[in-house]
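Structure first, then comments.
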Amino acid sequence: MAASYFPTNIQLITVSRNLSSSHLTGKIAVSLLNLTAIQSLDLSDNGLTGTVPEEFVQLPNLTVLYLNGNSLTGSVPRTLKEKSNNGLLQLRFDYLLRPFQLLSTLIEQSF
0 MAASYFPTNI QLITVSRNLS SSHLTGKIAV SLLNLTAIQS LDLSDNGLTG TVPEEFVQLP
60 NLTVLYLNGN SLTGSVPRTL KEKSNNGLLQ LRFDYLLRPF QLLSTLIEQS F
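Below is the structure:
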């Protein structure tokens, strides 16, 4: 039986990761920023909360980032918007709720 070989630097060779509809919850994991060779990252349609990490701009090869279909708050970091506006990044996101809007929505739904 042949031995299985997985490179120890697998984070350097991962170029596309589709995690859409994977039932992810909580904040966006900072460990995703270790995927230094990533070109496409789809985190859409999960239960992600919190803000969008500005550190995504440090991923030099990232050209596609899908964040739509989550419950993210705050705003898209300026550096990511600039990269998107310059045609260097395809960015999809829903209108991000500000904390007071989220509270207002919850209050309205409770009556």
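Counting from 1, position 22 in the sequence shown corresponds to residue 21 in numbering that gives the first Met the number 0; the numbering is continuous, with no gaps.
Don't be surprised by glycine CBs; every beta carbon is placed ideally from N, CA and C.
Closest Cα partner of residue i within the set the options
i: Leu23; options: Leu64, Ser15, Glu81, Thr48; result: Thr48
i: Leu40; options: Asn67, Gly25, Thr50; result: Asn67
i: Leu90; options: Leu42, Ser70, Val14, Gly25; result: Leu42
i: Leu34; options: Gly73, Glu54, Gly25; result: Glu54
Between the CA atoms of residue j and residue i - distance to the nearest angstrom
i: Thr62; j: Gly46; result: 23 Å
i: Asn84; j: Asn17; result: 23 Å
i: Gln100; j: Gly86; result: With a pLDDT of only 46 at Gln100, under the threshold of 50, the placement of this residue in the model should not be trusted, and no figure is reported.
i: Leu37; j: Val29; result: A quick correction: the sequence has Ile, not Leu, at residue 37. C-alpha separation (whole angstroms): 14 Å.
i: Gln57; j: Asp44; result: 24 Å
i: Asn69; j: Asp93; result: 8 Å
Where residue i sits in the DSSP three-state scheme
i: Phe110; result: Because Phe110 sits at a pLDDT of 49, beneath the cut-off of 50, its placement in the model cannot be relied upon, and the following sentence gives the value as read from the coordinates. In this structure, Phe110 counts as coil in the three-state DSSP scheme.
i: Val112; result: The chain is shown from 0 up to 110; residue 112 falls before or after that span and cannot be answered.
i: Gly89; result: Note that residue 89 is Gln in the sequence shown here, rather than Gly. In the structure shown, Gln89 sits in a strand (DSSP, three-state: E or B).
i: Leu32; result: helix
Range of the contiguous alpha helix (DSSP H) that encloses residue i
i: Asn84; result: 77–84
Strand pairing of residue i, partner residues [DSSP]
i: Asn17; result: Asp41
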